[in-house]
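Keeping their order, the protein sequence lines are chains A and B. So the first sequence is numbered by my numbering: it starts at 13 and just counts up by one. So the second sequence is numbered by my numbering: it starts at 13 and just counts up by one. A short write-up of the structure that comes next.
There are 2 protein chains.
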Amino acid sequence: MEEIRIIDLKESILADNDADAEKLRSELDEQGTYYINVMSSPGSGKTSTILRLIEELRCRYKIGVLEADIDGDVDTRTMLDAGVASVQLHTGGMCHLDADMSRQGLKEVGSEDLDLVILENVGNLVCPAEFDTGAHMNLVILSVPEGDDKPLKYPLMFQEADVVVVNKIDAMEVFDFNPERFKSNIASCCPDTEMFMVSAATGDGMHALAEWISAKMKEKKGE
Amino acid sequence: MEEIRIIDLKESILADNDADAEKLRSELDEQGTYYINVMSSPGSGKTSTILRLIEELRCRYKIGVLEADIDGDVDTRTMLDAGVASVQLHTGGMCHLDADMSRQGLKEVGSEDLDLVILENVGNLVCPAEFDTGAHMNLVILSVPEGDDKPLKYPLMFQEADVVVVNKIDAMEVFDFNPERFKSNIASCCPDTEMFMVSAATGDGMHALAEWISAKMKEKKGE
Chain A
13 MEEIRIIDLK ESILADNDAD AEKLRSELDE QGTYYINVMS SPGSGKTSTI
63 LRLIEELRCR YKIGVLEADI DGDVDTRTML DAGVASVQLH TGGMCHLDAD
113 MSRQGLKEVG SEDLDLVILE NVGNLVCPAE FDTGAHMNLV ILSVPEGDDK
163 PLKYPLMFQE ADVVVVNKID AMEVFDFNPE RFKSNIASCC PDTEMFMVSA
213 ATGDGMHALA EWISAKMKEK KGE
Chain B
13 MEEIRIIDLK ESILADNDAD AEKLRSELDE QGTYYINVMS SPGSGKTSTI
63 LRLIEELRCR YKIGVLEADI DGDVDTRTML DAGVASVQLH TGGMCHLDAD
113 MSRQGLKEVG SEDLDLVILE NVGNLVCPAE FDTGAHMNLV ILSVPEGDDK
163 PLKYPLMFQE ADVVVVNKID AMEVFDFNPE RFKSNIASCC PDTEMFMVSA
213 ATGDGMHALA EWISAKMKEK KGE
């Protein structure tokens, strides 16, 4: 088994995270790396969604993954088993990543040789939304079992999203999730947000999401 | 419709939250009020589990509920519609409650006249675990769709739990959740934790959980 690289992140000493995040984005633009920050509650399917996206995109792009967790290494194990370049980041109890912590992970995964790096942020609908990681895109996953009312309770997370991915739509019949009510809750907090309905379990909807991401990457490069 | 009372919590100025939490527990003991802190990810079924517990316990005890959220009032509306004394607490962006914030809510819900107050903490598996709310019992809910690996990723939350409630067991067949693996993950982090398997949707398992809680309340009172 490939050895898992675990990085204990150092807490950032920079006062101005927003400025540092802008700087990191410029650095990534220069080296031609697109950086996506994936956020959600624990257990809404970040890892399996990322794996499906990589399946769709790996022929076209060189991709790496940063797995941020309070503790453990299960997701990095999953990524390495799927042949994906991946580094485990331990936040030391912190519930978010900032730009400088991103930078530590990006360096470790060798982002200068990659077209796309995907950060799986700590599972949490509150704190990660408060910190700009330097990513080009915030992708927020909300899974059907969590309920359609979440944009009302965690507005900042959905306001910070460039795209909201509704996952586990294969379980729609088991749960009281009303897609129209969800869309209206999203519309009231953040009308310009893109939305995709997917099932990372069956692969349903993943192709459209991957193509949309690829288009954003090309747009960034001016292609 | 009953008017919803919304309390904008003031940030605690006390340096020593642990000492304040002990003090709050003593105050509650003196007035004969048992206080339960319910924690989980967003959408794992805190509100519906609390409603089921109240159904089971309301003939025996006078019960009130504190609904803590970043924003919104959907859960308090649900509680009031069910005839449950309930107050909405807004944390002003903070992802946790401490003892002093508890105290503000307990006063508002009129805890001195209640046998049991249940706090629905902010949906989050990280931050709420770091702060003693002054509760007698930490009840942590993990729902089946979130996956059986969560104790490995969020160990502190499960270490702080007096009881872990596995919810949405009616959806067990739709998801890859292995109860034996979950039990072994719990055993490795916190072997003394009680565990109940329930479905707040069907009511399955709720009676046993309610009876266990009632027994703890009686134990406290020396009955």
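From the three backbone atoms N, C-alpha and C, an ideal C-beta is built for every residue, glycine too.
The region 98-107 of chain A and the region 32-43 of chain B do not touch, with fewer than 3 CB-CB distances between them shorter than 8 Å. Membership of A80(A) in the beta strand (DSSP E) is indicated by the continuous run I75 to D81.
Closest in C-alpha terms to A213(B), from the list T205(B), I181(B) and M149(B), comes I181(B). Distance from V121(B) to V134(B) at the Cβ level is roughly 17 Å; contact not present, criterion being Cβ atoms closer than 8 Å. Neighbours of Y47(A) in chain B, taken as residues whose beta carbon is under 9 Å from its own, are absent, since the nearest beta carbon is some 23 Å off. Between the alpha carbons of V152(A) and E34(A) lies a gap of roughly 20 Å. Only exposed fits R72(B), as fewer than 16 other CB atoms lie within 10 angstroms of its CB. P157(A) places its beta carbon less than 8 Å from that of S155(B). Between Y73(A) and chain B, the shortest Cβ-Cβ separation is not below 8 Å.
Between I75(B) and D127(B) the beta-carbon gap is near 7 Å, inside 8 Å, which marks them as a contact.
The beta carbon of D30(A) is closer than 6 Å to those of D144 in its chain, skipping five residues each way along the sequence. Neighbours of L164(B) across chain A, judged by C-beta separation under 8 Å: D83, G84 and V86. For M229(A), the enclosing alpha helix (DSSP H) stretches over residues M218 to K233. Closer than 7 Å at the C-beta level to chain B, one finds these residues of the region 152-163 of chain A: S155, P157, E158, G159, D161 and K162. At a cut-off of 8 Å between C-beta atoms, G135(B) counts as an interface residue with respect to chain A. DSSP places A97(B) in the strand class (E or B) of the three-state scheme.
Looking at G44(B), A94(B), E15(B) and R64(B), the one whose alpha-carbon comes closest to that of V177(B) is R64(B). Interface with chain A (8 Å Cβ-Cβ cutoff): P191(B) is excluded. By the neighbour-count definition (other C-beta atoms within 10 Å, threshold 16), A220(B) is an exposed residue.
Under the 10 Å beta carbon count, G57(A) is surrounded by 16 or more other beta carbons and is classified as buried.
For S53(B), the nearest beta carbon of chain A is closer than 8 Å to its own beta carbon.
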